[in-house]
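Chains as they are written, first to last, in my numbering: chain A, 1094 to 1297; chain B, 1094 to 1297; chain C, 1094 to 1297; chain D, 1094 to 1297. We put the beta carbon where it would ideally sit given N, CA and C, even for glycine.
Number of protein chains: 4
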Amino acid sequence: MSSHVSSVRNNKKTEKKIRIQEAAIHVLARNGYHGTTVSQIAKAAGVADGTLYLYFENKDDLLLKIIHERTGQFIEDGRAILESIESPMDRLHKFAELHLASLGADEDLACIFQIELRHNIRMMKNFSETRLRKYFNILEIIITEAQEQGRIRKEIEPRHTAKLIFGVLDELVTNWLLSERDYALVDMADPTLDILFNGITSRT
Amino acid sequence: MSSHVSSVRNNKKTEKKIRIQEAAIHVLARNGYHGTTVSQIAKAAGVADGTLYLYFENKDDLLLKIIHERTGQFIEDGRAILESIESPMDRLHKFAELHLASLGADEDLACIFQIELRHNIRMMKNFSETRLRKYFNILEIIITEAQEQGRIRKEIEPRHTAKLIFGVLDELVTNWLLSERDYALVDMADPTLDILFNGITSRT
Amino acid sequence: MSSHVSSVRNNKKTEKKIRIQEAAIHVLARNGYHGTTVSQIAKAAGVADGTLYLYFENKDDLLLKIIHERTGQFIEDGRAILESIESPMDRLHKFAELHLASLGADEDLACIFQIELRHNIRMMKNFSETRLRKYFNILEIIITEAQEQGRIRKEIEPRHTAKLIFGVLDELVTNWLLSERDYALVDMADPTLDILFNGITSRT
Amino acid sequence: MSSHVSSVRNNKKTEKKIRIQEAAIHVLARNGYHGTTVSQIAKAAGVADGTLYLYFENKDDLLLKIIHERTGQFIEDGRAILESIESPMDRLHKFAELHLASLGADEDLACIFQIELRHNIRMMKNFSETRLRKYFNILEIIITEAQEQGRIRKEIEPRHTAKLIFGVLDELVTNWLLSERDYALVDMADPTLDILFNGITSRT
DNA sequence: AATGAATGAGTATTCATTCAT
DNA sequence: GATGAATGAATACTCATTCAT
C-alpha cells in the first residue's frame, strides 16, 4: 500500500517534471537559451518560478537534463529497433532513417540539439563524452560487422566512418532547420546513403 | 596629399580594428560569447571600452564581422587557389584540404566557427545565407564540372552533395576541437575523401 | 481524566517545542540568523518545515521566544539562588558569577545572546524593555540594600551602576566568544569585581 | 599638471565614495543591514545602483569599509588629542569622553557600531582583530604608564582593565541608543569614571 | 578619435510561509 | 497534529552601452 502511494507520488512528481521539460523545450527552441528566462519556462509549464528548482538544480541543469534524457531515450529506442534487423547494411540504413525521422518529427527538440547544445563548450564536451560516444559505438559495431561479412571495405576505419556518418546526418538536420522546412527530413536518407555506400565517383 | 593622409588614417583605423578583432577572437575562443565581456576584449586589445563602439555597432556586430570577414577572406583565398587547378577531382581534394588546414591552423578561429557561431539562430541564418551559400556554390560548380567530365556519377545531386561534404568536414573540425588535438586535422582529408569518392561498400 | 489527557498532550506539545528550540539554538549559533533557513532548523529538530509553524508564529518569533524563555528561566533561577544569600556584597559577587558561569557553560546560547540578539533593533528594544529591565532591577535592589548597610557609597547611582556591571559582564562574554575560549569565563569574575568594588586607583 | 588632473580626479572619486558612505550610514542606521537594499542606498546617494559597485566590492564590503574607515579616523584623531595630555589619569578621562562624545554626536554612526556591526560574526572578528586591538592597546599603554607613576594599583591587569572600560562605555552607548536619548551621552563620563577609579565600596 | 565613469535594465535564485492531504 | 510540495515576492549584482570630457 505504501509502495502504491509512493508510486503515485513518483508518477505525479515525474509528470510535473516532464511538463516542465516539455514547456522548456518549446520556449528554448523559440528564444534560445540566453533569450529565455526561467520565469518564461515556469509560466509556460504552469508552475511557479520556485517550483522549477524543486526538479532541477538550475537553468543549466534543466537544459542538460533535457538533452541527456531525450538522447538516452533515443539511443535506447534505436538500439531495440536495430537489434531486430539482420543485415548490417539494412541496420545502417535504418540507423540513418531513425536519426532523421526522430529529429524531423520534433522541430523544437531538433532546435535544442542543433543550436542550443552547441552553446556551451562544457555541455558539448559532456554530450560528446556520454551520448555521442554511445552513438558512435553503435555505428562502429554495425560497420565492423559489415566488414566481417565482406559488405564494407576492410580499409575503412570504423570510428572515423562513424564520425563521417554523424557529420553528414547532423548537417542535414541543421540545414533543414535553417531552411523553410518544406521537405521531409527523412527523405534525405536514401540519396545520402547512396553516396556513403557507393561514393560519388562514376565507374565506367 | 589629402588622399594620402586619408589612406594613412584608414590604415591606422583598419589596424586598430584588426587589433580589436584579433583580441576578440582570442578571448571569445577561451570564454565563449556569453562568458566574455566587452571590457575583457577592450583590455586585451589595449583600448578603452568605448573605443570598441567606434569600430563596431555592438558586441553582436563584433562577432558577426569577425565571422563575416574571416570567412570572406577564406573563400576569396580558396577561390584563387582552386582556379589554378585543372582537374575538378583534384580541386575537390584541394577544397577539403583547405578547409581542414585553415581551421586546423588557428584553433581560436576554429572555436569561433564551430561553437560560437551556432549560438544564435539569427547569426546562423545570416551565415548560412551568405557565406555558406557561396561555399556551396563553389562546391556545386566543381561537382557539376566533374559530372560533365564523367568523373562523378550523373545521378548525384550537386547541392545535396555539397551539403554532405560540408557536413563531413564540419564534423571533423568539431570533433578535433573537442578532442585532445593530438593529431593534424588536415591528415583526415585523404581517408575522408576516399569514402566520399569511392563509398564504403566493397566491390568484389 | 480529560485534564490528565490534556496535560499529557501539553507535555508532548511542550516536548516537541523544546526539541525545536534546542535544534534552533544549535543551528543558529553556528550559522547566524540570516545564515540559517527554517528548513535547516526543522531538519535538525526532526520535524517537517510546516510543523515549526504550529509552535511558533514565524522565524522571528522562534528566536524571540528562545531568548525570552531562556532569559526568563535564567532570571528566575538566579533570583532563587540570590535570595538565599544574606550579604548584599556576596549577592553581587554571586550575581556576576552566575552571569558568567551560565553563559560560559553553553556556548551556543551565549552566541545567540551576544550576536544574534543584536540583529534587530526591534528585538533589542524588546529585550531591553523586558528582560534587561528585570535584570537591572535585581541589581538595583542589591546595590540599594548595600548602600543602606553602608557597604556601597551613597553617591553611587544604583541604576547607572547596574548598567555598568551589565556592560562589563557583557563585554567579557563577547570577548570570550570571539577568542579561542581557552580560559574559563567564570574565572574573570574575581578580578572584575575587585575593580568594580575597589576601583583602579591606588591609595597610598 | 597631470598630477593636478589626477588629484582632481581622486578628489572627485573620493567625494562620490564619501557621498555613498554617508547615504549608507543614514539608511543602514534606520533600516538595519538586512532591511536595507542596495537600491535604497544608491537612491539616497543620488547615484545608479551599478555605480555603487565601482567603489565597493559588494554590500558587505560597503558596511565593512564604513566601519573600518570611521573607526580608523576616530582612533587617529583620538591618539593625536591624547598625546597632548600629560597626566595618564587625565588621558584616561579624556579617552572616555572622546568615546562617548563622538558616538553621541552621530546617532546614525553609533547605530551602525552598536547594532549593525554585531550582526555578523565575521565582521565582528575582523573589527575585534584590527580596530578593537588598537583601541585596547592605547588604553593599555595609558594604564601601564599610570601604574608606573603609582596612580593605578600594581595588581590591576592592564588588558583586562581595557576590556572592562570598553565594555562599560559600549554598554552606555547602546543603552543610550535604545533609550529616548533625552540626555547627553557624554555626561555619563564623570560618574562612570568615578566608579572605575574609586570603586563602588565605601571606605569609612 | 579616444576615454572610462556612469548608467540602470534585466534575471537567476532563495526561502519564509501556506495549505491540501 | 503533521507533512512537505508549491508558492512567488524580493534582491544583489552584472555588463552592454552611452556621452561628457
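Check, Outcome
"Is any beta-carbon of chain D found at less than 8 angstroms from that of C/R1244?", "yes"
"Return the chain-ordered list of same chain residues with a C-beta closer than 7 angstroms to the C-beta of C/Y1282, the five sequence neighbours on each side being excluded.", "It should be noted that the sequence gives Ala, not Tyr, for residue 1282 of chain C. Answer for C/A1282: A1189, E1190 and L1193, listed in chain order."
"Is D/I1293 helix, strand or coil by DSSP?", "coil"
"Just by C-beta distance, which residues in the segment 1273 to 1285 of chain A are closer than 7 angstroms to chain B?", "P1284 and T1285"
"Out of curiosity, what's the CA-to-CA distance linking D/T1164 and D/R1226?", "12 angstroms"
"Checking contacts by CB at 8 angstroms: is B/R1211 closer than that to chain A?", "yes"
"Buried or exposed for D/K1256, please, with buried defined as at least 16 other CB atoms from any protein chain shown within 10 angstroms of its CB.", "buried"
"Is C/D1263 buried or exposed, if buried means 16 or more other CB atoms sit within 10 Å of its CB?", "buried"
"Can you give me the Cβ contacts of D/G1197 inside the same chain, cut-off strictly under 6 angstroms, excluding the 5 residues immediately before and after it?", "L1278 and V1279"
"Taking CB distances under 8 angstroms as the criterion, tell me whether D/E1309 reaches chain C.", "A question about residue 1309 of chain D goes unanswered here, because the residues of chain D that appear run from 1094 up to 1297."
"Using a C-beta to C-beta distance shorter than 7 angstroms, which residues of chain C count as neighbours of D/K1227?", "Within chain C, no residue comes near D/K1227; the closest Cβ sits about 15 angstroms away, beyond 7 angstroms."
"Taking 6 angstroms as the limit between beta carbons, can you name the residues of its chain near A/G1171, skipping five residues before and five after?", "L1191"
"Quick one: what does DSSP say A/I1249 is sitting in, helix, strand or coil?", "coil"
"May I have the straight-line CA-CA distance separating B/M1094 from B/Y1146, to the nearest angstrom?", "In this predicted model, B/M1094 has a pLDDT of only 45, less than 50, meaning its place in the structure is not dependable; the value taken from the coordinates is given anyway. Between B/M1094 and B/Y1146, the C-alpha separation is close to 29 angstroms."
"Enumerate in chain order the residues of its own chain whose CB-to-CB distance from A/S1096 is below 7 angstroms, with the five nearest sequence positions on each side excluded.", "Its pLDDT being 48, under 50, A/S1096 is placed unreliably in this model, and the value from its coordinates should be taken loosely. Excluding residues within five positions, none has a Cβ falling inside 7 angstroms."
"Report the residue ranges of all alpha helix (DSSP H) runs contained in full by the segment 1180 to 1210 of chain A; include only those spanning at least 4 residues, in chain order.", "1181 to 1198 and 1200 to 1207"
"Exposed or buried, B/E1209, counting other C-beta atoms within 10 Å across all chains shown (16 or more means buried)?", "buried"
"Quick one: using the 10 Å Cβ neighbour count with 16 as the cut-off for buried, is A/G1243 buried or exposed?", "exposed"
"So, at 8 angstroms on beta carbons, what are the nonlocal neighbours of B/D1142 in its own chain, with the 5 sequence-adjacent residues on each side left out?", "V1131, S1132 and A1135"
"Can the beta-carbon of B/K1187 be found less than 8 angstroms from the beta-carbon of B/L1202?", "no"
"Which of the three DSSP states is assigned to B/F1220 in this structure?", "helix"
"Looking at the structure shown, is C/N1151 part of a helix, part of a strand, or coil, going by DSSP?", "coil"
"Under three-state DSSP, which class holds D/H1127?", "coil"
"Give me, in chain order, the residues of the same chain whose beta-carbon lies closer than 6 angstroms to that of B/L1185; leave out the 5 immediate sequence neighbours on both sides.", "I1235"
"What is the rounded straight-line gap between the Cα of A/V1266 and the Cα of A/G1260?", "10 angstroms"
"Quick one: residues in its chain with C-beta nearer than 8 angstroms to the C-beta of A/A1239, no 5 flanking neighbours on either side, listed in chain order?", "P1181, M1182, L1185 and I1245"
"Kindly indicate which three-state DSSP category B/D1275 falls into: helix, strand or coil?", "coil"
"Considering only C-alpha positions, which residue in the set C/F1290, C/R1296, C/S1295 and C/F1220 is nearest to D/S1295?", "C/F1290"
"When you compare each of A/F1220, A/N1124 and A/I1118 to B/R1215 by their alpha carbons, which one comes out closest?", "A/N1124"
"Less than 8 angstroms separating the beta-carbons of A/E1222 and B/P1284?", "no"
"Is the shortest distance between the beta-carbon of C/V1120 and the beta-carbons of chain D less than 8 angstroms?", "no"
"Closer than 9 angstroms by beta-carbon distance: list the chain B residues that pair up with A/S1195, in chain order.", "Those within 9 angstroms of A/S1195 in chain B number zero; the least Cβ separation is about 18 angstroms."
"Starting from the beta carbon of C/T1254, find every residue of chain D whose beta carbon is closer than 8 angstroms, and list them in chain order.", "I1288 and I1293"
"Mind listing which residues of the segment 1133 to 1154 of chain C have their C-beta closer than 8 angstroms to chain D's C-betas, in chain order?", "none"
"For D/K1247, which residues of its own chain have a beta-carbon under 7 angstroms away from its beta-carbon, when the five flanking residues on both sides are left out?", "Q1240"
"Kindly indicate which three-state DSSP category C/Q1114 falls into: helix, strand or coil?", "helix"
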